[in-house]
Each structure stands twice: as structure tokens, then as C-alpha cells.
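Under the working numbering, residues 463 to 1148 are what the sequence shown spells out, in order. The next block holds one structure in the form of C-alpha cells; read it before the comments.
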Amino acid sequence: MKSVKYLPALIAFLLVSFAAYGQSLRSYERAGDDAFKKKDYGAAVQHYATVLKRKNNDYSVLWKYGECARLFYSYGEAEKSYKKIEASPKQAKAHPLLFFRLGEVKKGQGDYAAAIGYFEKFLSDPPGDEPDVVEKARLEIEYCRQAQTMSADSKQVEIKNLGRSINSAYSEFAPVVVGDTLFFSSYRFDKKGDRSKPRQKLTRVMISSRGGRAREPGRGFPTTDTAHIAHTAFSPDGHYVFFSVCKNLNAYDIRCELWLTIVDRRNRWLPPVRLPEPINMPGYTTTQPSVSYDEYFEGPVLWFASDRPGGKGKLDLWYVPLDTVFFCPCALPLPGKKITRLPRFAQPVNAAAVNTPESDGMPFYFAPAQKLYFSSEGWPGMGGYDIFSSQKNDLDLAKPVNAGAGLNSSYNDVYFYLKQDGLTGYLSSNRPGSMYLDASNKACCNDLYSFRLPAPVVPPTPSLPSKGDSVPTISVKMVPLTTEPVQPAALPEPPKLQDFVGLPLYFDNDEPDKRTRRTTTRKSYDETVHAYLERQREYRDRFAYGLKDAAYDDAETTIDDFFENEVRRGYERLGQLCDLLLQRLQDGEQIEVLIKGFTSPRAKSDYNLNLGRRRISSVRNHFEQYADGALMPFLKTGQLKVLETSFGETTARSGISDDLNDERNSIYHPDAARERRVEIVEIRER
């Protein structure tokens, strides 16, 4: 009786539990549907995956999961989902686009034979209400056959992922080289205040100097938590910098505008300004700028991508010659002045010869060869976006040529950039080998790659004529030499270890490891200096606060000069020293490096002595970690010795503020900042 008595209650409890379970699954599916509508494919994939973990035979969710995964470039996951539907003849028939989708994801993974098979299977019983898809399937078969031919005729292109010092699990793109610095854009920054899952990210410009670790530039670009800052483009003289400011329309679509900043004669970046119409057009995207000298126009030309009216379809390539009077070093604003006017821009021209109804963008014009490079979804390619080139002759652009396997893959290959040598450069791609967020989304994100093209084939030297052959007569006119012969430039002397004696390495206030009396740290100098450099903008604002006009500008310049010419330069010189040390140690030399620590006088002497020793410890850690531990064997055997001496505040110069309430002068003033350092005071070679 007792069990019978409680049976209705048990049944009621189970019914409520199952109802709650079903309600939970439906809420995840609705969340996925909502994300799908907003084109937030990454979030939709996560929500649908939660449903499928508990209910893996829900074909409606399987289809939606596959669609989102495909649009998120997660082709492997999309294929798994489509395959489960294919395994059920009834469900396969209920999804008339199934075989077309399987062809797409197979092509996206470079399996062209399987893709052709699926496209042909789709065409064997095509849906009557999808004429555009049927026509596209026929084209895809032809494109896959061309891709098979290109894969078999692969050029010997050397391509290398730039690694973790540049790339992240998110996307890096739009590489541009200025001097010894690589500028690029990175979609890795958290949007402050965002509580959505997954969290929204923002794009910012980053740089890498002389192959060093990526960091944000200390100046030049706006700092905002509401917009993406991307796509740097420098004028040939390096003084005029174009970039994109973009805002999300939804999780997938963004709208961009072009902005301009100027680097003045004192190498200061002026506040940026938005470009007027007709460059930007309200309600449409204008993005991906590139500036190069053009022989036909005898001046700089701005290339960009836009979805404005007058194009062929989605994104199109456009160009406009720039005003040579305004965009000239001779017209730079005087030091300390802002951009007060902009020139009148001509009407942009659609590059119709290279545009398609699909998206065409990411232009790069290589002036030495008068060749336009760009990426396109519309021209026949290997899958995704491919890189193409078009030879320019005056105003005419030739039919685009696919750059071929190596530079291109079955994935997205975009933002081609060629250095002046015509052989080396960079591109962005989500091909296998790129970093990713998780195993299910391996193709979600682009990495930067360097490449080297094969050297052009030199034609054979013509043979000398045989005896008896007629030899053409060459007329030579002798001209008297009126100038002194040019003497070859002397080669620079290789660096010596003694060149690095006196090298200062700077630290942020009370770093590394604030508010401790420990004498060692686990941090390396590499870690501490990058955190310090990220505060350049803060130091500039705090030091210039309250000043006006020329005094304000001078304070900003003083901070920028300190960070760029002393902090960053010291870190770069440390890398050169490590390179030279490794070379000399491998040659069998024995070397001792004597390091001294300094501090600013804001704390008590005993605290500062320990702080100075921690700073030396971080530099020693840098030696130990350099090039994945390349110097460690020499440190362990004593062939390389790092001798430590710390003098703390006792060596600080007079006149340095120790007033804790005067942070401007005791922390942010360059004179105080110069006291927070480690110095290489002696290098002994034995």
C-alpha cells in the first residue's frame, strides 16, 4: 500500500522533470535559432551542439548545426552533421540541398574528387525550385576540375606560419611592412562590458618590430571599446596613414569607413579624421584601403573595397587618384598642428574588369610590376577566397590570373602583401596549421603567414658565335670621363660585445612583482617590458595632464621619445646581444656579463635593493628563456656567467622626485622612469 500511495507523486515528479528537460533543450535550440538569424554562427554552433549532446538524432537540429558550422568555416563539423543526415534515405530526401552542401564542404577541405561526386549526385535529381543552385553546382564541378589541375601543378612556394609571437587563436590579417616594422590587424581584444557568451571581440592594429612579439602601437590609432580599428595603409612616403573604423551591424556583418591620420615632420601621429564623401558613403561599407604610386596617374592612388551602388555584386574593388598637392611631404602640417582641412576627393572608379557578382576585396597594388593583387570568391579558384593578380596597363586591367597552389589553398587566402624585393611577403589564411579556438572549429580563424616565391628563371646566356660565323658590328663612342670614380661604400663593421656595455633596460614602477620584498621573480624581461610598453598611452596622458598648447604637445613628444627611443630600443638591443652571445659561445668563447640594478627613490632603501635584484632576476630569466633556452647549456656549464650587482636607490641621481603624492614627477616623468632600470655595466671575454 505504501508504494501505491506514493506512485502518483513519483509519476508527477518524473513528468515535471521530463518537461523541464525538454524545455531546457528547446531553450538551447531557440538560442541557436536566434544566433543563426543574427549571423552569429559561432554562438549558434555552440547552442545546437548542446542540444545534440542530449538528442543526437534530431535531424532538424543536425541540419541547422551543419549549416552554421559550414558558414563558420568549420567544414569537418559540417560534414559530420550532413553525413548523419545522408545515412537516412528518408532524411536525405527531405533535405534537397544536402548533396550540394556536402560538395561545398568537401571542396572547402580540398577533396575535389569527392566534391565533384556530390555535385554530380545533386544534379542527378535537382530540386525544381533552386535554378541558381543548380547552375552553381555545374560551375563548381568545373572549378573543382581546375583546382585539381592547379594542385598538380603546384609552384615551389615556401610558406611559414608566423607563430605564437604574432598569431593568436583569433584572426590576424591585413599585413603591411613599413621599414623594419610589420603592421597588422588582430581580432583578439575583449569588448569591455560585454557579457554575452561567447564574448564579443574587437579588432585593433598591432605591430611587430624586427620580428619581435606583437604589441599594440603606443600612438596613432584611436582607442575605443565600440568599434574595430583595422587595415592600415601607408602612402609611399610614409606620412599619410589610412585605416578602417568598423562597427557591428550584427554578430557577422559590419560596416566600415575610412579614416586618415598624418605622421608629421617630428614623427608624431596627429589625431585621425574621417574621410568625407565620396570616399565614404552613408549606409555602405568602405574598407580595406591600400595606397601605392601609379605611373599612369603620376601620383598615389587609393584602392579600397566597398558594397556601394554601381558595383557588380557584394564587395567590389574601387580606386581613386589622390590629390598630389595635399598628399605630399611638402604639405605636411607644422609640428603641433592638427589636420584642419582635407582635399576634395575625385569620384571613385569601379575596377569593373576584375569584379564579380561575389565578393572581391583586399587590394594590394605592387607598383614596381604595375600589378594589382586581390582576393575573390567569384573567380574560379581552389576554394573559399583565392588570391588573384591583374596586370595594369594605363587604365586597363587584364583578366585576373589565379596565384596558384601554395599561395592559395582550399581555404580562405587573403590580404596578399609583397615586399619590394618582389619575392617575399605575407598573407592571411585559415588553412590547416592556423591556430584555432577549439578542435571543432579548426578553420574558424586566420593566421599570418610569410612566403617566398620561387626566383624567376634566368634565360640561358647566348653562346658565342662559331669560327666563320658573321659577327655583328658594334659601334662604340668614347666619352671622356669628367667625374671622379665612385668608391664602393664601406661595409659596416659587425657588432662587438663591447658595443653593448652600458645598455639600459627599463622597468615600470615597482615592477616586476609589485609590493613584495622578494629578491627573485619568475617573470622574464620580455614579459615585463611588453606590459610596460602597453602603458605608453597612459604615461603620455598622465604626464601631459593639465598642460596646454605647445607645453602639452612637448610633454606628449617627450614620453613618446622615451618609450620609442629608450625603452623599446633597449629591448631590441638586448635581443641583438643575445644573438651575438649565442654565436660567440658556440665558437667556444667564455663570457661574463655584469649587471647592475637601479631604482627610483619612491620607497625605502632596503625595499629598493630587493627591487633592483628582482629586476636583475628578470633579465637573467630572459637569458635563460632566449630562443627556447638556447643559452641554457652555456649558463649551466659556466661558459656564460651572469654576475649580479644591485645598488638600489643609492645610485639615483639628485633631483629625482620621491614625493609619493606627486605621481606625475615621481612615476610618469621620464627622468624618474630612467632610474628604473637594469644596466649591463661590463662584458668580460675570456
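Idealized CB from N, CA, C, for every residue including glycine.
Next on the checklist: For Lys568 and Ala576, which I take to be in contact (beta-carbon distance under 8 Å), what is that distance rounded to the nearest angstrom?
Outcome noted: The count along the sequence shown starts at 1 and reaches residue 568 at position 106. The count along the sequence shown starts at 1 and reaches residue 576 at position 114. Sure, about 4 Å apart at Cβ, within 8 Å.
Checklist entry - Are at least three pairs of beta-carbons, each pair with one atom in the segment 1000-1008 and one in the segment 1041-1053, less than 8 Å apart? => result no
Checklist entry - DSSP on Phe1025, reduced to helix/strand/coil? => result Taking the first residue of the sequence shown as 1, we reach residue 1025 at position 563. Phe1025 falls in the helix class under three-state DSSP.
Item to check | Selection from Ser536, Ile621, Arg532 and Leu857 that minimises the alpha carbon distance to Leu889 | outcome: The residue labelled residue 889 in the question sits at position 427 within the sequence shown. Answer by Cα proximity: Ile621.
Checklist entry - Whose C-beta lies closer than 7 Å to the C-beta of Tyr1014 among residues of the same chain, with five residues either side of it excluded? => result On the sequence shown, residue 1014 is found 552 positions in, with the first residue counted as 1. Counting only Cβ-Cβ distances below 7 Å, and skipping sequence neighbours, we find Ala1006.
Next on the checklist: Rounded to whole angstroms, what is the Cα-Cα separation between Leu777 and Lys555?
Outcome noted: Locating residue 777 in the sequence shown gives position 315, where the first residue counts as 1. Locating residue 555 in the sequence shown gives position 93, where the first residue counts as 1. Cα to Cα, the separation comes out at about 35 Å.
Checklist entry - In the structure shown, what three-state DSSP assignment does Gly1032 receive? => result For this step, residue 1032 is matched to residue 570 along the sequence shown. Gly1032: helix per DSSP, three-state reduction.
Item to check | Per-residue burial, Asn864 [other beta carbons within 10 Å of its own, 16 or more giving buried] | outcome: Residue 864 sits at position 402 when you count from the first residue of the sequence shown. Answer is buried; the Cβ neighbour count reaches 16.
Checklist entry - With 8 Å set as the bound, which would you pick, yes or no: does the beta-carbon of Arg488 sit closer than that to a beta-carbon of chain C? => result Judged by its chain identifiers, the structure shown contains no chain C, having just a single protein chain.
Item to check | Beta-bridge pairing of Trp731 - partner residues as DSSP gives them | outcome: Translated into positions along the sequence shown, residue 731 becomes position 269. Answer is Val725.
Checklist entry - Can you tell me whether Cys792 is buried or exposed, with buried defined as 16 or more other CB within 10 angstroms of its CB? => result If you number the sequence shown from 1, residue 792 lands on position 330. Counting Cβ neighbours within 10 Å, Cys792 comes out exposed, since fewer than 16 surround it.
Item to check | For Lys774, three-class secondary structure by DSSP | outcome: Here the question's residue 774 lines up with position 312 in the sequence shown. Note: Lys774 maps to coil in three-state DSSP.
Item to check | Opposing strand residues paired with Cys708 [DSSP bridges] | outcome: Sequence index remark: in the sequence shown, residue 708 carries index 246 (1-based). DSSP output for Cys708 lists His690 and Cys718 as bridge partner(s).
Checklist entry - If we count the other Cβ atoms within 10 Å of its Cβ and call it buried at 16 or more, is Ala917 buried or exposed? => result Indexing the sequence shown from 1 puts residue 917 at position 455. Around the beta carbon of Ala917, fewer than 16 other beta carbons sit within 10 angstroms, so the residue counts as exposed.
Item to check | Where Tyr968 falls: helix, strand or coil (DSSP) | outcome: Residue 968 sits at position 506 when you count from the first residue of the sequence shown. In the structure shown, Tyr968 sits in a strand (DSSP, three-state: E or B).
Checklist entry - Does the separation of the CB atoms of Asp642 and Ser671 fall below 8 Å? => result In the sequence shown, the residue the question calls residue 642 occupies position 180. In the sequence shown, the residue the question calls residue 671 occupies position 209. Yes, they are a contact pair.
Checklist entry - Would the beta-carbon of Glu1147 fall within 8 Å of that of Ile1053? => result Taking the sequence shown and counting its residues from 1, the one referred to as residue 1147 is at position 685. Taking the sequence shown and counting its residues from 1, the one referred to as residue 1053 is at position 591. Contact: yes.
Next on the checklist: What residue range does the alpha helix (DSSP H) around Ser768 cover?
Outcome noted: Position 306 of the sequence shown, counted from the start, is the residue given in the question as residue 768. No alpha helix (DSSP H) contains Ser768, which is instead part of the beta strand (DSSP E) from Gly761 to Ser768.
Checklist entry - With a CB to CB cut of under 6 Å and the five nearest residues on each side skipped, what residues in its chain are close to Tyr574? => result The residue labelled residue 574 in the question sits at position 112 within the sequence shown. Closer than 6 Å at Cβ, skipping near neighbours: Cys606, Ala609 and Gln610.
Item to check | Contacting residues, own chain, Cβ-Cβ under 6 Å from Leu880 (five flanking each side not counted) | outcome: For this step, residue 880 is matched to residue 418 along the sequence shown. Excluding five sequence positions before and after Leu880, the CB atoms of its chain that fall closer than 6 Å to its own CB belong to Phe828 and Gly887, given in chain order.
Checklist entry - How big is the Cα-Cα spacing for Asn908 and Ser1128? => result By 1-based counting over the sequence shown, the position of residue 908 is 446. By 1-based counting over the sequence shown, the position of residue 1128 is 666. Their Cα atoms are separated by approximately 44 Å.
Item to check | Member of Ile1145, Asp1023, Leu564 and Ser489 whose CA lies at the smallest distance from the CA of Asp1133 | outcome: For the purposes of this step, residue 1133 is taken as the residue at position 671 of the sequence shown. Selected option, being the one with the closest Cα: Asp1023.
Checklist entry - Quick one: what's Arg914 bridged to in DSSP? => result For the purposes of this step, residue 914 is taken as residue 452 along the sequence shown, with counting starting at 1. The partner list for Arg914 (beta bridge, DSSP) reads Glu620 and Thr886.
Item to check | Length of the line joining the Cα atoms of Gly619 and Asn870 | outcome: As a working note, residue 619 is residue 157 in the sequence shown. As a working note, residue 870 is residue 408 in the sequence shown. Looking at the sequence itself, residue 619 is Val, so the reference to Gly does not match. Distance from the CA of Val619 to the CA of Asn870, rounded to the nearest whole angstrom, comes to 10 Å.
Checklist entry - How do the segment 979-997 and the segment 633-648 stand: do at least 3 beta-carbon pairs fall below 8 Å, yes or no? => result no
Checklist entry - Taking C-beta to C-beta, are Ser872 and Gly572 nearer than 8 Å? => result Taking the first residue of the sequence shown as position 1, residue 872 is located at position 410. Taking the first residue of the sequence shown as position 1, residue 572 is located at position 110. Closer than 8 Å, so yes.
Item to check | C-alpha distance - Ser697 paired with Pro751, whole-angstrom precision | outcome: As a first step, residue 697 is located in the sequence shown; it is residue number 235 there, counting from the start. As a first step, residue 751 is located in the sequence shown; it is residue number 289 there, counting from the start. So the two alpha carbons sit approximately 11 Å from each other.
Item to check | Completely contained alpha helix (DSSP H) runs for the segment 591-615, where each covers 4 or more residues | outcome: The segment 591-615 contains these whole alpha helix (DSSP H) runs: 593-614.
Checklist entry - Quick one: Cα of Glu602 to Cα of Phe878, how far? => result For the purposes of this step, residue 602 is taken as the residue at position 140 of the sequence shown. For the purposes of this step, residue 878 is taken as the residue at position 416 of the sequence shown. Approximately 24 Å, taken between the alpha carbons.
Item to check | Minimum length 3: unbroken beta strand (DSSP E) runs contained in the segment 790-841 | outcome: 822-828 and 833-838
Item to check | alpha helix (DSSP H) segment containing Ser586, residue limits | outcome: In the sequence shown, counting from the first residue as 1, residue 586 sits at position 124. Where Ser586 is concerned, the enclosing alpha helix (DSSP H) stretches over Tyr574 to Ser586.
Next on the checklist: On the DSSP letters alone, give me the boundaries of the alpha helix (DSSP H) that Glu973 sits inside.
Outcome noted: For the purposes of this step, residue 973 is identified with residue 511 of the sequence shown, where counting begins at 1. Unbroken run through Glu973: none, as it is neither H nor E.
Checklist entry - Exposed or buried, Lys709, counting other C-beta atoms within 10 Å across all chains shown (16 or more means buried)? => result For the purposes of this step, residue 709 is taken as the residue at position 247 of the sequence shown. Here Lys709 is exposed: its Cβ has fewer than 16 other Cβ atoms, across all protein chains shown, within 10 Å.
Checklist entry - In the structure shown, what three-state DSSP assignment does Pro942 receive? => result Mapped onto the sequence shown, residue 942 falls at position 480. Annotation note: pLDDT 45 at Pro942 (below 50); position unreliable, coordinate value reported separately. Coil.
Checklist entry - In angstroms, rounded to a whole number, what distance separates the CA positions of Gly775 and Ser838? => result Indexing the sequence shown from 1 puts residue 775 at position 313. Indexing the sequence shown from 1 puts residue 838 at position 376. Gly775 and Ser838: Cα-Cα distance of roughly 12 Å.
Checklist entry - Pro795 and Asp856: beta carbons closer than 8 Å? => result For this step, residue 795 is matched to residue 333 along the sequence shown. For this step, residue 856 is matched to residue 394 along the sequence shown. Their beta carbons are not under 8 Å apart, which means Pro795 does not touch Asp856 by this criterion.
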